[in-house]
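Chemist:
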Amino acid sequence: MSKDRDGWRSYMKKMIRKFPGRARELNDLQSVQITAKYNSEPKGGGEARTTENIALRQLPPLDQEEYDAVRRALDAVQMKMDGPQRLMMIRLVYWEEVYNLKEACDVIGCSYSTIKRWNVELINSVARNFGPFKGLLEI
-10 MSKDRDGWRS YMKKMIRKFP GRARELNDLQ SVQITAKYNS EPKGGGEART TENIALRQLP
50 PLDQEEYDAV RRALDAVQMK MDGPQRLMMI RLVYWEEVYN LKEACDVIGC SYSTIKRWNV
110 ELINSVARNF GPFKGLLEI
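68 is the number that my numbering gives to position 79 of the sequence shown; each next residue is one higher, with no gaps.
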C-alpha cells in the first residue's frame, strides 16, 4: 500500500483502532456501582445525585469527539446492504489486527479492490464526522 502522504489518514486509522478500548472506558465511566455500603455511619458529604453524576461522566473532550466520530461512521456502515461484511473487515483489520487488507479479502470472500474501497470510505467517513475535519471531505 502506498505511503500515507496525509498525516490525517493515519490519525483516522488510529482512532478506529482505539474505538473498542474507548467504548469500554466510556462504559466503565458510566456504569453504576450497585454494591451497598454496610456501615453504621450516617450519609454525609457524599454525592447526593449519583445517577445524574454518572450520566454526566464522559471521556476527555478530544477522546470523546474521536469516539463519537468513529461511532457515527460505524452506524453508517451498519445501515449499508453489505454492512456485515464491512464490519467484519473493520474487526479483522483494525480491532483484532490479525489480517491486513489483502488477507481480509480472502476471509470475507470479496475482491481486494472492494476491501480497499470500503477502507477508504470508512476513513473518509470518520474524517467527515470528526470536528477538525468536518466539511473537508465532501465526497
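Every residue gets a Cβ at the ideal spot worked out from N, C-alpha and C, and that includes glycine.
(1) Count the C-beta pairs between the segment 104 to 122 and the segment 44 to 64 that are closer than 8 Å, then say yes if the count reaches three, no if not.
(2) Using 10 angstroms around the beta-carbon of Leu18, count the other beta-carbons present and answer buried if the total reaches 16, otherwise exposed.
(3) If you measure between the beta carbons of Gln74 and Ile97, is that distance less than 9 Å?
(4) Hey, Asn108 and Val82: beta-carbon distance below 9 Å or not?
(5) When DSSP labels each residue in this structure, what does Asn89 get in the three-state scheme?
(6) Using the Cβ count rule (16 or more neighbours within 10 Å means buried), how would you classify Ser20?
(7) Distance check for Asp71 and Arg(-2), CA to CA, integer angstroms please.
(8) Which one of Ile104, Ala62, Arg11, Ile79 has the shortest CA to CA distance from Pro49?
(9) What did DSSP end up calling Met68 once you bin it into helix, strand or coil?
(10) So, for Gln47: in the same chain, excluding its five sequence neighbours on each side, which residues have a beta-carbon less than 6 Å away from its beta-carbon?
(11) For Met78 and Ile104, which I take to be in contact (beta-carbon distance under 8 Å), what is that distance rounded to the nearest angstrom?
(12) How long is the line joining the alpha carbons of Ser100 and Arg80, rounded to whole angstroms?
Modeler: Based on what the coordinates show:
(1) Verdict: yes, contact present.
(2) Position 29 of the sequence shown, counted from the first residue, corresponds to residue 18. Leu18 is exposed by the Cβ-count criterion.
(3) Numbered from 1 along the sequence shown, position 85 holds the residue referred to as residue 74. Numbered from 1 along the sequence shown, position 108 holds the residue referred to as residue 97. With contacts defined by Cβ atoms closer than 9 Å, Gln74 and Ile97 form a contacting pair.
(4) Mapped onto the sequence shown, residue 108 falls at position 119. Mapped onto the sequence shown, residue 82 falls at position 93. Cβ atoms of Asn108 and Val82: closer than 9 Å.
(5) In the sequence shown, residue 89 corresponds to position 100, counting from 1. Look at Asn89 here: in three-state DSSP terms it is coil, with no helix or strand label.
(6) The count along the sequence shown starts at 1 and reaches residue 20 at position 31. Around the beta carbon of Ser20, a 10 Å sphere encloses fewer than 16 other beta carbons of the protein chains shown; the residue is thus reported as exposed.
(7) Here residue -2 refers to the residue found at position 9 of the sequence shown. Here residue 71 refers to the residue found at position 82 of the sequence shown. C-alpha separation (whole angstroms): 23 Å.
(8) As a first step, residue 49 must be located in the sequence shown, where it is residue number 60. The shortest CA-to-CA distance from Pro49 to any of Ile104, Ala62, Arg11, Ile79 is the one to Arg11.
(9) What you label residue 68 is simply residue 79 of the sequence shown in a count that begins at 1. Coil, per DSSP.
(10) As a working note, residue 47 is residue 58 in the sequence shown. Result list for Gln47: Gln53, in chain order.
(11) In the sequence shown, counting from the first residue as 1, residue 78 sits at position 89. In the sequence shown, counting from the first residue as 1, residue 104 sits at position 115. Between the beta-carbon of Met78 and that of Ile104 there is about 6 Å, and that keeps the pair under the 8 Å contact cut.
(12) The residue you call residue 100 lines up with position 111 of the sequence shown. The residue you call residue 80 lines up with position 91 of the sequence shown. If I take the Cα positions, the gap works out to 17 Å.
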